[in-house]
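Structure, as structure tokens:
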Amino acid sequence: MSDDLTQLTIKEASRLLRLGSISSADLVTAHVQRIERVDPKVKAFLRFTPEVWERQANEADRRIREGTAPPLAGIPLAVKDVLCVRGVETTAGSKILGGFKPPYTATAVQRLFDAGALMIGVTNCDEFAMGSSTENSGYFPTHNPWDLDRVPGGSSGGSAAAVASGEAIIGLGTDTGGSIRQPAALCGVVGMKPTYGRVSRYGLIAFASSLDQIGPFTRSVDDAAIVLSLMAGFDPLDATSSNRAPMEVLNNFGGGVSGMRLGVPREYYDVKGIEPGVKAAIDAALLILRRQGAEIVDVSLPHTDYGLAAYYIIAPAECSSNLARYDGVRFGMSDDDAPNITEQYTQVRRKGFGAEVRRRIMLGTYALSTGYYDAFYLKAQKVRTLIKRDFDAAFEKCDAIVSATSPTVAFPIGSKTQDPLSMYLCDVLTLGGNLAGLPGISVPCGTSDGLPVGLQVLGPQWGENLVLRVARAYEQASEIHAEVADVV
Amino acid sequence: MSSSWEVVIGMEVHVQPKTRSKMFCGCSIAELNDPPNTHVCEVCLGLPGVLPVINRAAVEAGLKTALALKCEIPQHTKFDRKNYMYPDLPKGYQISQYDLPMSINGSLDVDERRVRIRRVHLEEDTGKLVHAGDKLHKAWESFVDLNRAGVPLMEIVSEPDLRSAEEARDYAMELQTLLRTIGASNADMEKGQMRAEPNISIRRAGSNELGVKTELKNINSFRALYRAIGYEVERQKKLLEDGGAVVQETRGWSEPEQRTFSQRSKEFAEDYRYFPEPDLPPLELERAWIEELRAGLPELPSVRRARLLEQLPARQVAVIGGDRYLADLYETTVAKGAPASSTANWIVNEVAPTGKLPSPDYLYELMQMLQQGNVTRDQAREVQMESIETGRSPAEIVAEHGFTQVSDEAELRVLAEAVIDANPKAAADYRSGKKQAMQALMADLRKRAPQANPKVANELLLKLLA
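If you're matching them up, the sequences are chains A and C in order.
First residue of the first sequence? That's 4 in my numbering, and the numbers climb one at a time after it.
First residue of the second sequence? That's 3 in my numbering, and the numbers climb one at a time after it.
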């Protein structure tokens with residue numbers, strides 16, 4: 004019984020809760036028991052928040068009894084460690100923020116709390132969301148629930164693994180270059196990155212401000228749509244958030260793909276290093292979509308090769324500035340013995356930041372420096388414009404773009420940590436969507452060697468409904484659903 | 003020798019616009035002596051995950067200032083990050099404007115000189131450090147007060163068009179008058195609402211090349227501005243005349259020592275790594291808003307001053323035309339029918355020094371009483387003070403104090419005779435031709451009867467002594 008309760012979608016759990024078959028206390032208990040059994044192996048969570056979920060579960064049960072339950076009443080939620088929650092230690096996976104308890108809650112999280120979700124805990128991630136494997140966490144690596152010797156992807160690996168291993172029904176992640184979609188693919192769950200500006204970034208500990216977006220991990224496309232529609236919408240605290248109606252993400256998303264044109268970018272289809280098993284899974288997915296009445300068209304994103312380089316200049320440049328505030332003066336790690344301020348900065352930042360974070364701060368600082376700005380940062384911004392134009396041109400020929408989410412399935416822990424460049428290549432199919440600010444989703448599309456493969460759908464700006472529509476049509480027709488791993 | 007040098011000065015002036023809240027968050031603006039860190043929130047503390055939101059009132063003040071300085075306002079403007087780490091800068095970067103400022107290419111006329119304005123842009127202030135011991139690097143303990151962190155600032159940058167310490171000071175004063183007139187800022191230097199940083203270089207008269215410049219900081223008054231530039235010009239002259247060279251650097255002004263000292267030379271200049279602030283979308287300034295602000299600007303000080311000069315002497319215009327509120331008071335009171343020259347005289351001598359403004363209605367009433375000889379000047383001053391304090395009308399106060407002046411000749415004749423009787427020596431002196439003896443007689447008369455109309459009493463004494 005209790006394991007069954009940890010395999011539900013939002014829709015299924017809500018039905019049981021509303022029918023009175025279970026209480027949210029039952030649902031939480033089932034998840035806690037599941038966590039006790041599997042999390043010592045998966046290590047998806049950094050911290051648990053019983054003081055939060057107990058209060059929220061009581062409130063959910065009360066409102067369910069009164070018949071005034073909000074849409075997510077009683078649904079267990081796992082929150083990535085970069086999203087601030089009032090009074091809950093939030094560290095961005097970094098030692099430098101050890102002990103930091105924000106006095107505010109991220110808008111997106113607050114909106115899910117207001118919708119009745121209950122927070123199970125804080126999930127592991129690559130430090131400051133910089134990484135594609137969750138191995139860069141300042142605390143410990145997270146393991147892939149399908150094969151504990153492999154990575155869950157990253158940077159939102161903890162939230163993806165939590166949903167994939169039955170530890171939460173919703174996971175929240177952030178996606179700067181693929182950090183939701185790639186771990187969703189590697190863990191076999193649904194993961195969605197909204198259009199830049201769709202969800203408020205207030206309370207999201209910034210990695211790269213012009214690229215970061217918050218999105219959900221779920222076990223179905225419907226669930227992703229529900230969570231996104233509840234998080235979306237203008238926030239007066241985020242000047243980059245859009246005032247478009249949050250519910251427009253749901254417009255006609257059940258309409259199927261018949262008559263839709265789906266573009267397959269040849270640069271993505273034949274991307275260097277794509278595994279044959281991944282390619283086979285994508286071919287099978289394309290066949291299913293074609294059978295549903297979609298027209299598969301060939302499109303081109305000619306500047307794809309430059310995207311990776313541009314991304315690894317723009318994102319570090321912004322991070323070098325965003326991370327300047329970690330100086331040990333006002334919060335987090337400090338060094339009381341430092342003889343002067345320079346030494347304090349040096350010691351705190353050397354001890355507090357991991358190698359990858361320091362590498363990116365240095366890359367970004369260099370790219371913005373006098374004499375290098377034009378050659379690096381400015382040029383990267385120009386490439387970014389070209390990439391946006393590539394997508395604009397592609398969307399004249401198709402309604403949405405489909406591809407693999409990741410060129411590979413989950414790789415063994417430790418296999419890429421000594422080679423940053425090979426790790427950076429994990430994002431090659433996803434980061435274009437961030438540079439262009441587009442909505443994208445990854446849905447499970449079978450396996451390769453027993454490991455999950457993800458199908459990525461990208462849409463034009465504000466085209467979440469199209470992305471969800473294609474993903475949902477595929478999910479329905481393929482009968483491939485996100486499953487909960489046994490964890491052995 | 004020294005007459006062969008030409009002084010070249012450009013000014014960077016930081017002004018705090020009049021707003022209720024900070025530049026990018028809702029925190030209220032602290033008063034000078036508020037306890038440290040009492041006007042702070044997660045945004046201006048630079049906590050993780052927070053975002054800035056632009057204060058519309060600050061943009062409005064910036065636009066009004068730019069318009070009053072005849073600047074061009076481009077369609078697009080944006081904010082940039084200026085990156086450097088210092089404990090008074092919570093985010094490790096200052097949000098400022100770099101290559102697309104909100105306004106460019108204006109001018110301000112100061113006396114006969116037209117000073118070109120390069121740009122007016124918006125940014126945020128930093129916090130304040132208090133050290134136990136010497137400066138930051140040598141202090142054994144330092145305290146950070148972030149009340150000022152995130153307070154809006156307008157930076158007004160001039161071209162190097164000023165040619166003396168006096169011109170630079172007059173430029174700053176004219177700017178203050180302008181900012182107060184349009185209501186953009188109180189621009190009080192002592193309160194740090196206006197900070198002037200002159201860039202100074204000298205060159206041989208007739209040369210078109212600019213010399214090496216130094217930038218002066220820590221200037222807290224117009225007087226300090228004048229003196230600091232004077233000191234710096236002499237320092238540079240001496241250096242060059244002795245065969246040395248000026249080093250490009252930032253120098254501080256020490257008020258107690260009355261000298262400038264080296265703070266930071268260009269060799270150690272920071273690379274600020276400016277780049278567009280990704281947390282704020284580019285600002286599209288609506289033309290309609292700009293035109294509305296332009297139309298709403300009050301008459302600018304230079305225009306008003308020209309008009310006042312047609313009625314009043316330059317000495318009085320310097321005071322009245324330098325303050326929008328004094329000028330408004332003058333013009334409204336005169337429009338009610340008060341005499342121009344005595345009203346101006348009263349405002350210059352009895353209103354301006356007090357810093358407190360009577361209402362035009364009450365000032366008109368007071369001017370009437372003075373003109374009709376109903377109160378003495380001393381009494382009028384007292385009445386004005388009480389009226390401002392209590393809000394009551396001068397007529398009421400005069401009636402209550404029995405101040406009303408006695409001008410009745412029959413009544414005053416008795417008094418005048420008594421004064422002559424009581425001062426036989428003074429009376430005799432006057433009669434023998436010592437005209438100044440009249441002063442002693444008048445003084446005694448005023449002592450006996452303060453409410454006596456001095457003009458009538460004086461005439462009576464003259465008549466009686468004739």
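Cβ atoms here follow ideal geometry from the backbone N, Cα and C, with glycine treated the same way.
task = Flag Ser213/A as yes if its beta-carbon sits less than 8 angstroms from any beta-carbon of chain C, otherwise no.
result = yes
key: Residue(s) in a DSSP beta bridge with Gly266/A   = Val300/A and Ile404/A
Where Arg222/A sits in the DSSP three-state scheme = coil
request  = Answer with buried or exposed for Gln113/A, where buried requires no fewer than 16 other C-beta atoms within 10 angstroms of its C-beta.
outcome  = buried
key: Range of the contiguous beta strand (DSSP E) that encloses Tyr427/A   = Careful: Tyr427/A lies outside any beta strand (DSSP E), inside the alpha helix (DSSP H) at Pro423 to Tyr427.
key: Asp470/C burial status per 10 Å Cβ neighbour count (16 or more: buried)   = Examination of residue 470/C is not possible in this model, given that chain C is present from 3 through 468 alone.
Selection from Leu241/C, Ala445/C, Ala340/C and Gln99/C that minimises the alpha carbon distance to Ala424/C = Ala445/C
task = Write down every uninterrupted run of the alpha helix (DSSP H) in the stretch 300-357 of chain C whose length is 4 residues or greater and which is fully enclosed by it, in chain order.
result = 303-311, 316-322, 326-337 and 342-348
Inter-stretch contact (C-beta, 8 angstroms, three-pair minimum) for the stretch 452-462 of chain A and the stretch 329-338 of chain A = no
C-alpha gap between Glu278/A and Thr137/A, whole angstroms = 21 angstroms
ask   = Tyr315/A: which of His306/A, Phe220/A, Leu231/A and Ala211/A sits nearest, CA to CA?
value = Ala211/A
key: Selected residue, minimal CA-CA separation from Glu419/C, among Arg433/C, Val400/C and Leu467/C   = Leu467/C
message = Using the Cβ count rule (16 or more neighbours within 10 Å means buried), how would you classify Met4/A?
response = Only weak support exists for where Met4/A lies, its pLDDT of 44 falling under 50; the value from the coordinates is given anyway. Exposed is the call here.
ask   = If you run the structure through DSSP and keep just helix, strand and coil, what is Asp150/A?
value = strand
ask   = Would you say Val17/C faces chain A, with C-beta separation under 8 angstroms as the test?
value = no
inquiry  = What does DSSP give as the partner residue(s) for Tyr95/C in the beta ladder?
reply    = Asn85/C
message = Does the structure place the stretch 192-210 of chain A close enough to the stretch 463-478 of chain A that three or more beta carbon pairs sit under 8 angstroms?
response = yes
task = Could you round the C-beta distance between Met156/C and Val122/C to whole angstroms and report it? I think they count as a contact, below 8 angstroms.
result = 6 angstroms
query = Is there a Cβ from chain C that is less than 8 angstroms from the Cβ of Ala378/A?
reply = no
ask   = Helix or strand or just coil, what does DSSP make of Phe116/A?
value = helix
query = In the DSSP assignment, what residue or residues form a beta bridge with Glu199/C?
reply = Glu14/C
task = Can you tell me which of Glu92/A, Gly436/A, Cys429/A and Leu100/A puts its alpha carbon nearest to the alpha carbon of Thr108/A?
result = Glu92/A
query = Grouping DSSP H, G and I as helix and E and B as strand, with all else coil, what is Arg237/C?
reply = helix
ask   = From which residue to which residue does the alpha helix (DSSP H) around Thr345/A run?
value = Ile344 to Gly355
request  = For Glu161/C, return the contacting residues in chain A, with the cut-off set at a CB-CB distance below 9 angstroms.
outcome  = Within 9 angstroms Cβ-Cβ: nothing; Glu161/C doesn't reach chain A, min ~24 angstroms.
query = Along chain C, in chain order, which residues have C-beta atoms closer than 8 angstroms to that of Thr368/A?
reply = Arg275
query = List, in order along the chain, the chain A residues whose C-beta lies closer than 7 angstroms to that of Leu49/C?
reply = Pro105 and Phe334
message = Nearest by alpha-carbon distance to Ala188/A: which of Gly449/A, Arg472/A and Leu326/A is it?
response = Gly449/A
query = Going straight from the alpha carbon of Thr378/C to that of Ala429/C, what length do you get?
reply = 25 angstroms
inquiry  = Quick check on DSSP: helix, strand or coil for Pro249/A?
reply    = helix
query = Where do the N-terminal and C-terminal ends of the beta strand (DSSP E) with Leu53/C fall, by residue?
reply = No beta strand (DSSP E) holds Leu53/C; DSSP gives it neither H nor E.
query = Considering only C-alpha positions, which residue in the set Trp149/A, Phe220/A and Cys429/A is nearest to Ser445/A?
reply = Phe220/A
query = What do you get for Arg184/A, buried or exposed, if any count of 16 or more other CB atoms within 10 angstroms of its CB means buried?
reply = buried
query = How long is the line joining the alpha carbons of Pro73/A and Val82/A, rounded to whole angstroms?
reply = 19 angstroms
query = Using the C-alpha atoms, what's the distance from Ala118/A back to Ala76/A?
reply = 6 angstroms
query = CB-CB under 7 angstroms to Met3/C, same chain, minus the five flanking residues each way: which ones, in chain order?
reply = Caution is warranted here: a pLDDT of 46 is assigned to Met3/C, below 50, making its placement in the model unreliable, and the coordinate value is therefore given only provisionally. Here the set comprises Glu243.
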